[in-house]
Amino acid sequence: MSLRAVVRGVGHYLPERIVPNAEFEATLDTNDEWIRARSGIERRHFAAEGETTSTMATTAARAALKDADLEPSDIDAIVLATSTADLTFPSAATMVQADLGMDSGFAFDVQAVCAGFIYALSNANALIISGQAKRVLVIGAETFSRIMDWTDRSTCVLFGDGAGALVLEADEGAGTAADRGILSTDLHSDGRHKDLLYVDGGVSTGTTGYLRMQGNQVFRHAVEKLAATATKAMERAGVAPQDVDWIVPHQANIRIIQGTAKKLGLPMEKVVVTVQDHGNTSAASIPLALSVGRDRGQIQQGDLIVTEAIGGGLAWGAVVLRW
């Protein structure tokens, strides 16, 4: 027998305000056709005044708990992936813990930018299989609209806000690829590529800063690294591409998503795509896509899922799980 971290529930939250591409035409030299052609993005959601990463994360967490038919008191730990925490400290995760009314357990943030949820899943899986926690709430939440340079048409049209959450629960498996739960993880980073995607603010500057990106260079790294990490994770899980029911990729750019699927030899019919509606929501992107994919009826219990992401750092990785 083998201990597995099984998905018990899933949920998400998107801010009410929907921003179509056309809204940028008044202030930027851009248009809907230009944005769609280069990214696949048609609209995104922006947080309202007073709405923060932690408040959105809490709403998504409540939805996941309801889906799992669990109470906050049933959770042992919260792992929250974000690069846009409300404050420098404390962690957004502890704010969610308080908002949920959890007076026990532990909570912490993981910061790996767009790869954050993959890193959070890997950490939550390790907590469960090591016996440190039985149930872990894994959240990805971002308010990237607050770190945009609204004069930079190459970046500000790409990102959105939102949150998604999973409840992982320890369960016994047979130790085979037929088990439900997380079957393998694969993580990487390479700090030499910091200048390709970063925020030019922080404690050292005394400012929040703005996101800066060399989009063509990030694209060049993305497809190759995403396909390689997904392949490695599948090998570790003992599964082949033809066994996969769904790829649930980080939703950054439709061309990256298409390129990665092609490199893996999988058709787009097996890819959950939400980038057109959400834009790039960084660490929130994968849990949002998992929740929306489940709600659409795409993801069903027993499905084999490969999920992968790359973000600033550079940091990247993949997780193979059976729903």
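Here the sequence shown is numbered in numbering that gives the first Met the number 0, starting from 0 and rising by one per residue. Cβ coordinates follow ideal geometry from the N, Cα and C atoms, glycine included.
Could you pull the start and end residues of the alpha helix (DSSP H) that Glu234 belongs to? Walking along the sequence shown from the start, residue 234 turns up at place 235. Here the alpha helix (DSSP H) through Glu234 covers Gly214 to Ala236.
Alpha carbon to alpha carbon, how far is Ile138 from Pro71? Along the sequence shown, read from residue 1 onward, the residue named residue 138 stands at position 139. Along the sequence shown, read from residue 1 onward, the residue named residue 71 stands at position 72. If you take the alpha carbons of Ile138 and Pro71, they lie about 14 Å apart.
Spatial distance of Lys145 from Asp170 (CA atoms): Walking along the sequence shown from the start, residue 145 turns up at place 146. Walking along the sequence shown from the start, residue 170 turns up at place 171. A small correction: the amino acid at residue 145 is Arg; Lys does not occupy that position in the sequence shown. The alpha-carbon atoms of Arg145 and Asp170 are separated by roughly 39 Å.
When you compare only the Cα positions, how much space is there between Arg295 and Val238? The residue given as residue 295 occupies position 296 in the sequence shown. The residue given as residue 238 occupies position 239 in the sequence shown. Taking the straight line from one Cα to the other gives about 25 Å.
Tell me whether the beta-carbon of Thr142 lies closer than 8 Å to the beta-carbon of Thr273. As a position in the sequence shown, residue 142 is number 143, starting the count at 1. As a position in the sequence shown, residue 273 is number 274, starting the count at 1. Not a contact, by the Cβ cut-off of 8 Å.
Could you confirm whether any beta carbon from chain D is found closer than 8 Å to the beta carbon of Asp75? Checking the listed chains, one finds no chain D in this structure; it contains a single protein chain.
I believe Arg7 touches Gly172 by the beta-carbon criterion, under 8 Å. Please report the beta-carbon distance rounded to the nearest angstrom. Here residue 7 is taken as the residue at index 8 of the sequence shown, counted from 1. Here residue 172 is taken as the residue at index 173 of the sequence shown, counted from 1. Not confirmed; about 14 Å, so no contact.
Put Ile77 into one of helix, strand or coil per three-state DSSP. As a working note, residue 77 is residue 78 in the sequence shown. Here Ile77 sits in strand by DSSP.
Hey, could you find the ends of the beta strand (DSSP E) His44 is sitting in? Indexing the sequence shown from 1 puts residue 44 at position 45. Residues Arg42 to Phe45.
Assigned exposure category for Asn124 - 16 Cβ within 10 Å defines buried: As a first step, residue 124 is located in the sequence shown; it is residue number 125 there, counting from the start. So Asn124 counts as buried.
Could you work out which residue in Leu265, Glu268, Val247 and Phe158 is closest to Val291 when comparing CA atoms only? Looking up residue 291 in the sequence shown gives position 292. Taking only the C-alpha atoms, the option nearest Val291 is Val247.
Would the region 21 to 41 count as touching the region 100 to 108 if we require 3 or more Cβ pairs under 8 Å? Here the region 21 to 41 does not lie against the region 100 to 108, with fewer than 3 beta-carbon pairs under 8 Å apart.
Would you decide whether Ala47 is buried or exposed? Buried here means 16 or more other CB atoms lie within 10 Å of its CB. Taking the first residue of the sequence shown as 1, we reach residue 47 at position 48. By the neighbour-count rule (16 or more Cβ atoms within 10 Å), Ala47 is not buried but exposed.
Can you tell me which of Leu320, Val319, Trp322 and Ile309 puts its alpha carbon nearest to the alpha carbon of Ala111? Taking the sequence shown and counting its residues from 1, one reaches residue 111 at position 112. For the residues Leu320, Val319, Trp322 and Ile309, the minimum Cα distance to Ala111 belongs to Ile309.
Take the Cβ of Ala76 as the centre, count every other Cβ of all protein chains shown within 10 Å, and call the residue buried at 16 or more, exposed below. Within the sequence shown, residue 76 is the residue found at index 77, counting from 1. Burial call: buried.
In this structure, how does DSSP classify Arg191 when only helix, strand and coil are distinguished? Here residue 191 corresponds to residue number 192 of the sequence shown, with the count starting at 1. If DSSP states are grouped into helix, strand and coil, Arg191 belongs with the helices.
Can you give the Cα-Cα distance for Gly200 and Tyr209, rounded to whole angstroms? Reading the sequence shown from its first residue, position 201 is the one you call residue 200. Reading the sequence shown from its first residue, position 210 is the one you call residue 209. Each residue's Cα considered, the two are about 7 Å apart.
Option in Gln297, Ala317 and Gln275 with minimal Cα separation from Ala226: Here residue 226 refers to the residue found at position 227 when the sequence shown is read from its first residue. Distances from the CA of Ala226 to each of Gln297, Ala317 and Gln275 were compared; the closest alpha carbon is that of Ala317.
Fully enclosed by the region 152 to 206, which beta strand (DSSP E) runs are 3 residues long or longer? Unbroken beta strand (DSSP E) stretches of 3 residues or longer found wholly inside the region 152 to 206: 160 to 172, 180 to 188 and 196 to 198, given in chain order.
Whose C-alpha, out of Thr57, Ala62 and Leu136, is nearest the C-alpha of Met94? Counting from 1 along the sequence shown, the entry for residue 94 is found at position 95. Here the closest residue by C-alpha is Thr57.
Would you identify the three-state DSSP class for Gly310, choosing helix, strand or coil? Position 311 of the sequence shown holds residue 310. Strand at Gly310.
Report all residues from its chain with a CB closer than 6 Å to the CB of Met333; omit the five preceding and five following residues, and keep chain order. This structure cannot settle anything about residue 333, because the visible part of the chain is limited to 0 through 322.
Where does the unbroken beta strand (DSSP E) through Phe107 begin, and where does it stop? To locate residue 107, count along the sequence shown from 1; it is residue 108. Its beta strand (DSSP E) spans residues Phe105 to Val109.
For Thr150, the three-state DSSP class (helix, strand or coil): For this step, residue 150 is matched to residue 151 along the sequence shown. In this structure, Thr150 counts as coil in the three-state DSSP scheme.
Between the CA atoms of Ala282 and Ile256 - distance to the nearest angstrom: Sequence index remark: in the sequence shown, residue 256 carries index 257 (1-based). Sequence index remark: in the sequence shown, residue 282 carries index 283 (1-based). Per the coordinates, the alpha-carbon of Ile256 lies some 16 Å from the alpha-carbon of Ala282.
Whole angstroms are fine: how far does the CA of Val222 sit from the CA of Gly264? As a working note, residue 264 is residue 265 in the sequence shown. As a working note, residue 222 is residue 223 in the sequence shown. Approximately 13 Å, taken between the alpha carbons.
Report the option in Asp194, Val319, Arg42 and Asp244 whose CA atom is closest to the CA atom of Glu15. Here residue 15 corresponds to residue number 16 of the sequence shown, with the count starting at 1. Ranked by Cα distance from Glu15, the first of Asp194, Val319, Arg42 and Asp244 is Arg42.
Give the secondary structure of Ser281 by DSSP, where H, G and I count as helix, E and B as strand, and everything else as coil. The residue you call residue 281 lines up with position 282 of the sequence shown. Ser281: helix per DSSP, three-state reduction.
Please check the pair His11 and Ala59, which I expect to be a contact at CB under 8 Å, by giving their CB distance rounded to whole angstroms. Numbered from its first residue, the sequence shown carries residue 11 at position 12. Numbered from its first residue, the sequence shown carries residue 59 at position 60. At roughly 5 Å, the Cβ-Cβ gap stays under 8 Å, so His11 and Ala59 are in contact.
Determine which residues share a DSSP beta bridge with Trp245 and list them. Walking along the sequence shown from the start, residue 245 turns up at place 246. Beta-bridge pairing links Trp245 to Ile304.
Use the C-beta contact count for Asp178: other C-beta atoms within 10 angstroms, 16 or more gives buried, fewer gives exposed. Taking the first residue of the sequence shown as 1, we reach residue 178 at position 179. Per the 10 Å Cβ criterion, buried.
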